[in-house]
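**Student:** Quick note on this note's numbering: the sequence shown kicks off at 2 and runs consecutively.
Here's a structure for you.
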Amino acid sequence: MTRARRFLKSGFGLVTLACLVLAGWATWSAGVFDGPLARQLRSSPVYAAPGQHVDLAAAERVVGNRRLVIGFLDGGTDLAAACRTLSNAAPDTIAVLLSPKTDDFDHYTCSRFPGAYDANFGKSFVAESKITNGIGGFSKQPLNAVKTIVVNYDQLVLSSTIPDGSRTINPSLPRYLIAIAALAAVIAGAAALYFGARRAAVATEANRIRRVESDDEKATLSSSAAVLAQEIINLDGRYAHAAPRGSFASKYRQLASDYANLLPQLDKDDSRLHTRVEELLTRSRKLTGK
Numbered sequence: 002m003t004r005a006r007r008f009l010k011s012g013f014g015l016v017t018l019a020c021l022v023l024a025g026w027a028t029w030s031a032g033v034f035d036g037p038l039a040r041q042l043r044s045s046p047v048y049a050a051p052g053q054h055v056d057l058a059a060a061e062r063v064v065g066n067r068r069l070v071i072g073f074l075d076g077g078t079d080l081a082a083a084c085r086t087l088s089n090a091a092p093d094t095i096a097v098l099l100s101p102k103t104d105d106f107d108h109y110t111c112s113r114f115p116g117a118y119d120a121n122f123g124k125s126f127v128a129e130s131k132i133t134n135g136i137g138g139f140s141k142q143p144l145n146a147v148k149t150i151v152v153n154y155d156q157l158v159l160s161s162t163i164p165d166g167s168r169t170i171n172p173s174l175p176r177y178l179i180a181i182a183a184l185a186a187v188i189a190g191a192a193a194l195y196f197g198a199r200r201a202a203v204a205t206e207a208n209r210i211r212r213v214e215s216d217d218e219k220a221t222l223s224s225s226a227a228v229l230a231q232e233i234i235n236l237d238g239r240y241a242h243a244a245p246r247g248s249f250a251s252k253y254r255q256l257a258s259d260y261a262n263l264l265p266q267l268d269k270d271d272s273r274l275h276t277r278v279e280e281l282l283t284r285s286r287k288l289t290g291k
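Right under this line is the structure:
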């Protein structure tokens, strides 16, 4: 839970969430979850369920670009529930859904105009009541039923009961493209974050290994320097009794001087220091006879 909160508070988390919301909206509004009725009426004025013998091409020509959608559904279909599925698929239209009976149609009408059931409730009630007038005798002739509904629609437009104007159909493809682009952005961002984290982890591990190796080298160097210091201390006793101008005294003084010059450099990161300490150790051991 804490990780999720930290992620959502980060810049990348907020961008990811925004992209997912955008992708969800674009996918939903494009109709990916629509049933057959909503999917068809999203881009066409007429729908006919399988088994309903309707000349769709002719019916679509009759309806034209009016703000009207008509659906021929199977008998026994819950028409009210079906009409509710059209709010996103066929906005700014009046929807007429029909299902066959023996000599008539069951029908249900719902207005999808703005404020249809608020400020314009009265107009919606009149439109929904009158638009199916006269279709009862055409249960075996669905194209004539469509023509009758269109005539009623035009009369309702003339009386300003239904808003005039043409239906605007928004294609789904751009919204699918938006959804794909948003998801691609999330995936690309996650991939970049993953590979960036991997590179950072590799670099961190390499730095750690270098630090460990450097620490080991420094520890070895310090240990060798301590041994050298002890060797010089041991030689100091002999130097006190040695002839001042003798070979031993001269070499000892040079060794002690070189060690004194080396001491301030032991904290530096210089690979040559270990070689120099080993060289001084070799000289000190020669003086001690080892």
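Glycine included, every Cβ here is placed at the ideal spot set by N, Cα and C.
(1) Using a Cβ-Cβ cutoff of less than 6 Å, which residues in the same chain neighbour Ala230 once the five nearest sequence positions on both sides are dropped?
(2) Could you check whether Val152 and Arg67 sit closer than 8 Å to each other, using their CB atoms as the reference points?
(3) Say whether chain D places a C-beta atom closer than 8 Å to the C-beta of Thr289.
(4) Taking one C-beta from the segment 103-118 and one from the segment 126-143 each time, how about it: are there three or more such pairs within less than 8 Å?
(5) Helix, strand or coil: how does DSSP classify Thr169 here?
(6) Taking Gly123 and Pro101 to be in contact with their CB atoms under 8 Å, please state how far apart those CB atoms are, rounded to whole angstroms.
(7) Starting from the C-beta of Asp259, find all residues in its chain whose C-beta is less than 7 Å away, skip the five residues before and the five after it, and write them out in chain order.
(8) So, at 8 Å on beta carbons, what are the nonlocal neighbours of Thr205 in its own chain, with the 5 sequence-adjacent residues on each side left out?
(9) Leaving out five residues before and five after Thr86 in sequence, what residues of the same chain have Cβ atoms less than 7 Å from its Cβ?
(10) Whose C-alpha, out of Ile132, Gly72, Thr289 and Ala192, is nearest the C-alpha of Leu157?
(11) Opposite Asp107 in the DSSP bridges: which residues?
(12) Using DSSP with H/G/I as helix, E/B as strand and the rest coil, what is Val55?
(13) Once you ignore the five residues that flank Thr162 on each side, which residues in its own chain have a CB closer than 7 Å to its CB?
(14) For Gly72, write down the residues that DSSP places opposite it in a beta bridge.
(15) I need the boundaries of the alpha helix (DSSP H) containing Arg43, first residue and last residue.
(16) Write down the C-beta distance between Leu256 and Ser285 rounded to the nearest angstrom, noting that I regard them as a contact closer than 8 Å.
(17) Taking 8 Å as the threshold, find out whether the segment 132-148 comes into contact with the segment 53-60 through three or more Cβ pairs.
**Tutor:** In brief:
(1) none
(2) no
(3) Looking at the structure shown, chain D is missing, and only one protein chain is on hand.
(4) yes
(5) coil
(6) Actually they are not in contact, since the Cβ atoms of Gly123 and Pro101 sit about 31 Å apart, beyond 8 Å.
(7) Leu281
(8) none
(9) Gly36, Leu38 and Ala39
(10) Ile132
(11) Ser100
(12) coil
(13) Lys124, Val127 and Ala128
(14) Tyr48 and Leu98
(15) Careful: Arg43 lies outside any alpha helix (DSSP H) and carries neither H nor E.
(16) 6 Å
(17) yes
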